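J.: Take 95 as the starting number for the sequence shown in our numbering and just add one per residue.
In this text, a Cβ means the ideal position worked out from N, Cα and C, and glycines have one as well.
Just so we're clear, the structure is a prediction, and the values are computed from it rather than from any experiment.
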Amino acid sequence: MNSKIILSLFVIALLPIIFDNSYAQITSGGFGQSPFERDFGDVKFLDAYFGTLNNKIEIESGDGNVPFTVVFANVGTQDITGIRGQLSLPLGFSASDGPGAVIHADSDSNSLAGENFHLTFFVNIGKNTQIQQYPGTVKVDYSRLRESGVRTAFSDFDFKVTGDSVINVKAVEPFLTSLQTNNVVIEIANDGTAPISSVDIVATNTSTELASTSSSTTNVENVVILESNWDVGNIDAKSARYLTATIYVPESLKGDTLRIPLSISYYNAHGDQHEISKIVDFYIKGLIDLTIFNVDIIELSGTQMVIGEIINEGNEDGLFGFVSLDPRGDSNIKSTTQFIDEIETDAPVPFNMPIEFEGEPRYGEHDITITVRYKDSTRDEIFLPYDTKILVEEPLNDNEEGPDTTMIIIPIILVIVAGLYIMRRRKKAAIEAS
Numbered sequence: 095m096n097s098k099i100i101l102s103l104f105v106i107a108l109l110p111i112i113f114d115n116s117y118a119q120i121t122s123g124g125f126g127q128s129p130f131e132r133d134f135g136d137v138k139f140l141d142a143y144f145g146t147l148n149n150k151i152e153i154e155s156g157d158g159n160v161p162f163t164v165v166f167a168n169v170g171t172q173d174i175t176g177i178r179g180q181l182s183l184p185l186g187f188s189a190s191d192g193p194g195a196v197i198h199a200d201s202d203s204n205s206l207a208g209e210n211f212h213l214t215f216f217v218n219i220g221k222n223t224q225i226q227q228y229p230g231t232v233k234v235d236y237s238r239l240r241e242s243g244v245r246t247a248f249s250d251f252d253f254k255v256t257g258d259s260v261i262n263v264k265a266v267e268p269f270l271t272s273l274q275t276n277n278v279v280i281e282i283a284n285d286g287t288a289p290i291s292s293v294d295i296v297a298t299n300t301s302t303e304l305a306s307t308s309s310s311t312t313n314v315e316n317v318v319i320l321e322s323n324w325d326v327g328n329i330d331a332k333s334a335r336y337l338t339a340t341i342y343v344p345e346s347l348k349g350d351t352l353r354i355p356l357s358i359s360y361y362n363a364h365g366d367q368h369e370i371s372k373i374v375d376f377y378i379k380g381l382i383d384l385t386i387f388n389v390d391i392i393e394l395s396g397t398q399m400v401i402g403e404i405i406n407e408g409n410e411d412g413l414f415g416f417v418s419l420d421p422r423g424d425s426n427i428k429s430t431t432q433f434i435d436e437i438e439t440d441a442p443v444p445f446n447m448p449i450e451f452e453g454e455p456r457y458g459e460h461d462i463t464i465t466v467r468y469k470d471s472t473r474d475e476i477f478l479p480y481d482t483k484i485l486v487e488e489p490l491n492d493n494e495e496g497p498d499t500t501m502i503i504i505p506i507i508l509v510i511v512a513g514l515y516i517m518r519r520r521k522k523a524a525i526e527a528s
C-alpha cells in the first residue's frame, strides 16, 4: 500500500515536466499560453521609410497613395510564410483606401531563414502634416513552415516626412553676344521643401568629351567654356545658389540658341545620392560695336553745325538709330536729336546737327555729349555716350565794314611812282654825263 502511494505521488510530480516537454511551452517571461510563443522573435525590424524596396522617395504634406516600406530580417532558423502586416501611424496619416481604413500589406513570397523581407503599405499624408520625424508601430503576422498556428511580432520605429526637393536651373541673363567673351551667371534653385547637400555640377557634352561620345546632342561643342565643373555645396529649401562661367561664342552661331547640358549630383533628405540632367539655354546675339569719331564744327549756309561719323565694327546692324546732342557743364547749347535709321556694318554713318542756344549765344569752347541710341536684334535699347569739347566761333556781322583797301593801294601806287621817277632821273643823268 505504501509503495502504491509513493508511486502515485511520483507520477503526479512528473506530470508538469512531461506536459512542458510535449507542448514546448515557455513559461518564463510571461508570453501567454500559446504553444508557438517564444522569448525571442523570428522577425527583426530593420528600416522604415517612404518609397519602395530599392528606392526611397521624398514626400511632402498633401501627397496621397504614397508607398511606405518596412524592411525586416528573418532571424529565425526556419523559413516563414503567410506574412501580413498592419501599420499604425500618428494623426495626419491614413490608409490610401480612405479615412478609418486599416493600413495593411501582404508579402508576395516566403522569407527564407536568414534573409530579409519587406512590406509595402500605401499611405495618404495630411495637408497640415509637418516636415519632421514621427513614431510608428508595425504588426507582423506570419507562420513558420511545417508548423501550424500564427506568430505575431510588434516593432516600434521612427520615420521622417522629408519634404520634396525640386531643382530648377536658369540663366540670370539669357543672352550671349558672338565674337566676344561672355561672363554668365546660372541660377541653381531648390524650389521644393526639402534641402539638398553636396551639390556638384558638370557641363556635359563639351568639346573635351567628344572623344568619348558618338554624337553631339547640342551645339555646346562649338563654343569655348573656360569652366566645366562647379562645387555648389548645400541648397536649402526655397533658396538658390549661383555659379559663373566664361563663354566665348564664334560669329557662326549668331542667331542660334545655345543649349548647355548640366549633370547635377546631390544628396537628398534621405542621404541618398541622386543625379539628374538639366539644360540651360542662351540666345546668341550679333555684336554691335559702335565708335563715334571725326566730331567737328562746320558752317553751312550761315549756320554752324556739329558733324561726325559712326562706324559699326561688329557683325550685326544697329536698328532705329538716333543721335542726340546735349550740353554739359555751363554750356547753353540747346539739346537736339537726329534720326539716322540703321547703323550698318559696311560703312560709316554720318550725322550733322545745327547748333542752337538757350538764351543769348555764347561763343568759345563748349562741353557736349553726343549719344547714339539704337536697338539690337532682341529690341533692347542701348545708349552709347561720347563726351567731347567743341569751339563755337562768333560769325562776322554783315553791317560791319571791312578794312579800307584804298588805304593800302594808295601807298603802293606812291611807292611805284616814286620808284619810276628815281629810275628816270638816274637814266637822264647818265645820258648827260656821256
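Report the three-state DSSP secondary structure of residue 125 (helix, strand or coil).
T.: Numbered from 1 along the sequence shown, position 31 holds the residue referred to as residue 125. Confidence at residue 125 is low in this model, with a pLDDT of 38, below 50, so the placement of that residue is unreliable and no value is reported for it.
J.: Determine the direct distance from the alpha carbon of residue 357 to that of residue 347, and round the result to whole angstroms.
T.: Taking the first residue of the sequence shown as position 1, residue 347 is located at position 253. Taking the first residue of the sequence shown as position 1, residue 357 is located at position 263. Approximately 24 Å, taken between the alpha carbons.
J.: Strictly by DSSP, which residues pair up with residue 223?
T.: As a position in the sequence shown, residue 223 is number 129, starting the count at 1. According to DSSP, which records beta bridges pairwise, residue 223 is partnered with nothing at all.
J.: Excluding sequence positions up to five away, which residues of its chain have a Cβ less than 8 Å from the Cβ of residue 330?
T.: Translated into positions along the sequence shown, residue 330 becomes position 236. 284, 289, listed in sequence order.
J.: Would residue 444 and residue 401 be called neighbours here (beta carbons separated by less than 8 Å)?
T.: For the purposes of this step, residue 444 is taken as residue 350 along the sequence shown, with counting starting at 1. For the purposes of this step, residue 401 is taken as residue 307 along the sequence shown, with counting starting at 1. Yes, the Cβ-Cβ distance between residue 444 and residue 401 is below 8 Å.
J.: Measure the alpha-carbon distance for residue 281 versus residue 267 and round it to whole angstroms.
T.: For the purposes of this step, residue 281 is taken as residue 187 along the sequence shown, with counting starting at 1. For the purposes of this step, residue 267 is taken as residue 173 along the sequence shown, with counting starting at 1. Near 10 Å, if we compare the C-alpha coordinates of residue 267 and residue 281.
J.: Alpha carbon to alpha carbon, how far is residue 437 from residue 273?
T.: To locate residue 437, count along the sequence shown from 1; it is residue 343. To locate residue 273, count along the sequence shown from 1; it is residue 179. If I take the Cα positions, the gap works out to 18 Å.
J.: Please classify residue 426: is it buried, with 16 or more other beta-carbons within 10 angstroms of its beta-carbon, or exposed?
T.: To locate residue 426, count along the sequence shown from 1; it is residue 332. Classification of residue 426: exposed, given that the 10 Å Cβ count is below 16.
J.: My understanding is that residue 468 touches residue 413, with C-beta atoms under 8 Å, so please give their C-beta distance in whole angstroms.
T.: Here residue 468 is taken as the residue at index 374 of the sequence shown, counted from 1. Here residue 413 is taken as the residue at index 319 of the sequence shown, counted from 1. Confirmed, about 6 Å.
J.: Hey, could you find the ends of the beta strand (DSSP E) residue 364 is sitting in?
T.: Against the sequence shown, residue 364 aligns to sequence position 270. First-last for residue 364: undefined, no H or E at that position.
J.: Quick check: the Cα distance between residue 432 and residue 391, rounded to an integer number of angstroms?
T.: Start at 1 with the first residue of the sequence shown, and residue 432 comes out as number 338. Start at 1 with the first residue of the sequence shown, and residue 391 comes out as number 297. Looking at the two C-alpha atoms, the distance is approximately 16 Å.
J.: What distance in whole Å lies between the Cβ atoms of residue 214 and residue 199, which are believed to be in contact at a cut-off of 8 Å?
T.: Mapped onto the sequence shown, residue 199 falls at position 105. Mapped onto the sequence shown, residue 214 falls at position 120. Indeed, because the Cβ distance is near 6 Å, the residues count as touching under 8 Å.
J.: Quick one: grab the DSSP three-state call for residue 314.
T.: Taking the sequence shown and counting its residues from 1, the one referred to as residue 314 is at position 220. Three-state result, residue 314: helix.
J.: In three-state DSSP terms, what is residue 115?
T.: On the sequence shown, position 21 is the one that residue 115 refers to. Reliability fails at residue 115, whose pLDDT of 41 lies under 50, so the model's placement of it is uncertain and no value is given.
J.: Span of the beta strand (DSSP E) holding residue 172?
T.: Position 78 of the sequence shown, counted from the first residue, corresponds to residue 172. That residue, residue 172, is in no beta strand (DSSP E); it is neither H nor E in DSSP.
J.: Are there any heavy atoms of the ligand HEM lying less than 7 Å away from the beta-carbon of residue 213, as far as the coordinates show?
T.: This structure simply doesn't include the ligand HEM, nor any ligand for that matter.
J.: What are the start and end residues of the beta strand (DSSP E) that includes residue 467?
T.: Here residue 467 refers to the residue found at position 373 of the sequence shown. 458-469 is the span of the beta strand (DSSP E), which, as asked, contains residue 467.
J.: Would you report the Cα separation of residue 275 and residue 373, rounded to the nearest angstrom?
T.: Start at 1 with the first residue of the sequence shown, and residue 275 comes out as number 181. Start at 1 with the first residue of the sequence shown, and residue 373 comes out as number 279. Computed Cα separation, rounded: 21 Å.
J.: Kindly indicate the opening and closing residues of the beta strand (DSSP E) around residue 188.
T.: Locating residue 188 in the sequence shown gives position 94, counting from the first residue. Its beta strand (DSSP E) spans residues 187-189.
J.: Whose CA, out of 229, 197, 170, 191, lies closest to the CA of residue 238?
T.: Here residue 238 refers to the residue found at position 144 when the sequence shown is read from its first residue. The candidate whose alpha carbon is nearest that of residue 238 is 170.
J.: With DSSP as the reference, label residue 536 as helix, strand or coil.
T.: The chain is shown from 95 up to 528; residue 536 falls before or after that span and cannot be answered.
J.: Would you report the Cα separation of residue 386 and residue 264, rounded to the nearest angstrom?
T.: The residue you call residue 386 lines up with position 292 of the sequence shown. The residue you call residue 264 lines up with position 170 of the sequence shown. Each residue's Cα considered, the two are about 36 Å apart.
J.: In the DSSP assignment, find the beta strand (DSSP E) that holds residue 489 and state where it starts and stops.
T.: Your numbering for residue 489 matches position 395 in the sequence shown. Here residue 489 belongs to no beta strand (DSSP E), and DSSP marks it neither H nor E.
J.: Please state the DSSP three-state secondary structure of residue 184.
T.: Along the sequence shown, read from residue 1 onward, the residue named residue 184 stands at position 90. Residue 184 falls in the coil class under three-state DSSP.
J.: Return yes when the Cβ of residue 137 is within less than 8 Å of the Cβ of residue 234, no when it is not.
T.: For the purposes of this step, residue 234 is taken as the residue at position 140 of the sequence shown. For the purposes of this step, residue 137 is taken as the residue at position 43 of the sequence shown. Yes, the Cβ-Cβ distance between residue 234 and residue 137 is below 8 Å.
J.: Per DSSP, which residues does residue 405 bridge with? Please list them.
T.: As a first step, residue 405 is located in the sequence shown; it is residue number 311 there, counting from the start. DSSP lists 385 as partners of residue 405.
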